[in-house]
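For reference, the structure discussed in these notes is given below.
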Amino acid sequence: MDTIQNYKCPCCGAPLVFDAGSQGLHCESCENKFDLDTIRQLDDAERLSGEESKFDWESYTPRDFTPVNGVDFSNYSCPSCGAEISGDDTMGSTICPYCGNSTIVKGQFEGVLRPDYIIPFKIDKKTAIAAFEADFKKRPFLPDLFRDKKKISEMAGVYVPFWMFDCDCNANLTYRANRTHIWSDSDYIYTKTDFYKLLRSGSLGFENIPVDASKKADDAYMEAIEPFDYSDAMDFGSAYLSGFLADKYDVSVEESILRANARVRNSTLAAFLETTAGFQNVCAERDNISFNNSKIRYSLLPVWMLNIKYMDKMYKFAVNGQTGKVVGEYPVDKKKKWKFFAKVAGISLAVTLAIAYFML
Ligand SMILES: [Zn+2]
Ligand SMILES: [Zn+2]
31 MDTIQNYKCP CCGAPLVFDA GSQGLHCESC ENKFDLDTIR QLDDAERLSG EESKFDWESY
91 TPRDFTPVNG VDFSNYSCPS CGAEISGDDT MGSTICPYCG NSTIVKGQFE GVLRPDYIIP
151 FKIDKKTAIA AFEADFKKRP FLPDLFRDKK KISEMAGVYV PFWMFDCDCN ANLTYRANRT
211 HIWSDSDYIY TKTDFYKLLR SGSLGFENIP VDASKKADDA YMEAIEPFDY SDAMDFGSAY
271 LSGFLADKYD VSVEESILRA NARVRNSTLA AFLETTAGFQ NVCAERDNIS FNNSKIRYSL
331 LPVWMLNIKY MDKMYKFAVN GQTGKVVGEY PVDKKKKWKF FAKVAGISLA VTLAIAYFML
């Protein structure tokens, strides 16, 4: 019975002893009795959840990019923000889609990878502009420059590089929790608290966790224009790039893995925590998460971008090239705002005067 002697009481930590009468385990310190199978399960769960998490991703094998289907590409770099973008020769644009600088230069650069997937642009420039214009109709104090057709027409379609992560995740977690019941009779109020150790294990599949692979693309903007519908993703073909700009990754897959791991871990913890509904004071103790079937793909996702400089500040806008969702920070034209408040003040003054007039 050596193995049994090694079990510790889950309530107080004292060694458990085998009780021949009940064929179970008994704690001489806190007097609790346990079923042998339950203690074995608990011991297994403690051991598993105490192991170190392993986030083993498959290694990614880059594929060189050689344009096919007769599309000729030129590479441009932006001396202002360092962006390195490609565009086919039909692109007349010489404005950097990331920073608005208009002196981008043709150049050569290394390290272009052939993407695995691409979500083609679903909305054209006219529709993207209409989505942008509809969004700023809600903003009465927007400076006139933002309504300027010529300025808005600088909007450029950019395929932004993303690393996409898939994995099946196995997790073992333990929690402490309790349940309290309160009842009363004519003399007393009773409180009964049951203490629980919760064991959870299971697996969870993740598909297409996106992590943007461009340093110039603002992470917050790229997360704000999500979601993308990955059922539209196609095997990459360079014909899709025709008429658009394409950025290349400058955040390595290794750097992106850290962000993917954080997203997997947080989503896993949140999903398992939901299974503890009905308990109170749930406190996570240990967790062990490991992967299998992991997959990494390099993908290009469609984003319309526009930069407008106003009062020495560059305002950036992004429109999801698939759904038309608009993200951006809008400035307020202070003069317009004051005019508006003066008008409102004028109206209320007139109303006050009218009331005063009727009271005379
Ligand atoms: Zn005990
Ligand atoms: Zn730039």
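Per this note's numbering, the very first residue in the sequence shown carries number 31; after that it's consecutive.
Where is the CB? At the ideal position from N, CA and C, for every residue including glycine.
On a predicted model such as this, the values are computed, not experimentally measured, just so you know.
Legend entry - Endpoints, the alpha helix (DSSP H) within which residue 283 is located: Position 253 of the sequence shown, counted from the start, is the residue given in the question as residue 283. From DSSP, the alpha helix (DSSP H) with residue 283 extends over 283 to 303.
Inset, instruction - Hey, could you find the ends of the beta strand (DSSP E) residue 352 is sitting in? - result: As a working mapping, residue 352 is identified with position 322 in the sequence shown. Careful: residue 352 lies outside any beta strand (DSSP E) and carries neither H nor E.
Inset, instruction - Have a look at the DSSP bridge pairing and note the partners of residue 465. - result: In the structure displayed, the chain extends from 31 to 390; residue 465 sits before or after that span and is not available.
Inset, instruction - Answer with buried or exposed for residue 222, where buried requires no fewer than 16 other C-beta atoms within 10 angstroms of its C-beta. - result: As a working note, residue 222 is residue 192 in the sequence shown. Counting the other CB atoms within 10 Å of its CB gives residue 222 a total below 16, which places it among the exposed residues.
Inset, instruction - To the nearest angstrom, report how far apart residue 89 and residue 253 are at their CA atoms. - result: Walking along the sequence shown from the start, residue 89 turns up at place 59. Walking along the sequence shown from the start, residue 253 turns up at place 223. Whole-angstrom Cα-Cα distance: 25 Å.
Inset, instruction - Using only alpha-carbon positions, find the residue among 243, 239, 250 that is nearest to residue 259. - result: Sequence index remark: in the sequence shown, residue 259 carries index 229 (1-based). That would be 239, whose Cα lies nearest to the Cα of residue 259.
Legend entry - Identified DSSP bridge partners for residue 116: Counting from one through the sequence shown, the residue named residue 116 turns up at place 86. Answer is 105, 276.
Inset, instruction - State whether the segment 311 to 320 contacts the segment 272 to 282, with contact taken as three or more CB pairs (one from each stretch) at a distance under 8 Å. - result: Contact check between the segment 311 to 320 and the segment 272 to 282: fewer than three CB pairs, one atom from each, fall below 8 Å, which does not count as touching.
Legend entry - Cβ-based neighbour list, residue 69, same chain, cut-off 6 Å, excluding 5 preceding and 5 following: Taking the sequence shown and counting its residues from 1, one reaches residue 69 at position 39. Cβ within range, chain order: 37, 55.
Inset, instruction - Note down the Cα distance separating residue 113 from residue 267, rounded to an integer number of angstroms. - result: The residue you call residue 113 lines up with position 83 of the sequence shown. The residue you call residue 267 lines up with position 237 of the sequence shown. Distance between the alpha carbons of residue 113 and residue 267 is about 23 Å.
Inset, instruction - Please say whether residue 186 and residue 255 have beta carbons closer to each other than 8 Å? - result: Residue 255 sits at position 225 when you count from the first residue of the sequence shown. Residue 186 sits at position 156 when you count from the first residue of the sequence shown. No, Cβ-Cβ distance for residue 255 and residue 186 is not below 8 Å.
Legend entry - Within 8 Å, strictly: CB atoms of residue 75 and residue 229: For this step, residue 75 is matched to residue 45 along the sequence shown. For this step, residue 229 is matched to residue 199 along the sequence shown. Contact flag set, yes.
Inset, instruction - Take the Cβ of residue 32 as the centre, count every other Cβ of all protein chains shown within 10 Å, and call the residue buried at 16 or more, exposed below. - result: Taking the sequence shown and counting its residues from 1, the one referred to as residue 32 is at position 2. Legend: pLDDT at residue 32 = 45, less than 50; position of this residue unreliable, value from coordinates given subsequently. Exposed, by the Cβ-count rule.
Inset, instruction - Compute every distance between the C-beta of residue 186 and the non-hydrogen atoms of ligand 2, then say whether any falls below 7 Å. - result: Looking up residue 186 in the sequence shown gives position 156. Every heavy atom of ligand 2 is 7 Å or more from the Cβ of residue 186, so no.
Legend entry - Cβ shell of residue 92 (< 6 Å), same chain only, five flanking positions each side left out: Taking the first residue of the sequence shown as 1, we reach residue 92 at position 62. Contacts found: 143.
Inset, instruction - For residue 237, I'd like the list of residues in its chain whose CB is within less than 7 Å of its CB, leaving aside the five on either flank, ordered along the chain. - result: For the purposes of this step, residue 237 is identified with residue 207 of the sequence shown, where counting begins at 1. Contacts found: 196.
Legend entry - Closest by C-alpha distance to residue 1, when choosing among 308, 335, 345: Outside the shown range of the chain, which is 31 to 390, sits residue 1, and nothing can be said about it.
Legend entry - Helix, strand or coil at residue 344 according to DSSP, with G and I counted as helix: As a first step, residue 344 must be located in the sequence shown, where it is residue number 314. Strand at residue 344.
Legend entry - Cβ-based burial, residue 357 [other Cβ within 10 Å; buried from 16]: Here residue 357 corresponds to residue number 327 of the sequence shown, with the count starting at 1. With 16 or more Cβ atoms within 10 Å of its Cβ, residue 357 is classed as buried.
Inset, instruction - Run the proximity test for residue 75: is its beta-carbon closer than 7 Å to any non-hydrogen atom belonging to ligand 2? - result: Locating residue 75 in the sequence shown gives position 45, counting from the first residue. Not so, every heavy atom of ligand 2 lies at least 7 Å from the Cβ.
Inset, instruction - Taking only heavy atoms of ligand 3 into account, decide whether any of them is closer than 7 Å to the Cβ of residue 59. - result: Ligand 3 is not part of the structure shown, which contains ligand 1 and ligand 2 as its ligands.
Legend entry - Exposed unless 16 or more other CB atoms sit within 10 angstroms - verdict on residue 334: Taking the first residue of the sequence shown as 1, we reach residue 334 at position 304. Buried, since its Cβ has 16 or more Cβ neighbours within 10 Å.
Inset, instruction - Any chance you could list the residues with Cβ under 6 Å from a heavy atom of ligand 2, keeping chain order? - result: 108, 110, 111, 113, 126, 128, 129, 131
Legend entry - Residue(s) in a DSSP beta bridge with residue 236: Working through the sequence shown from its first residue, we reach residue 236 at position 206. Beta-bridge partners of residue 236 (DSSP): 197.
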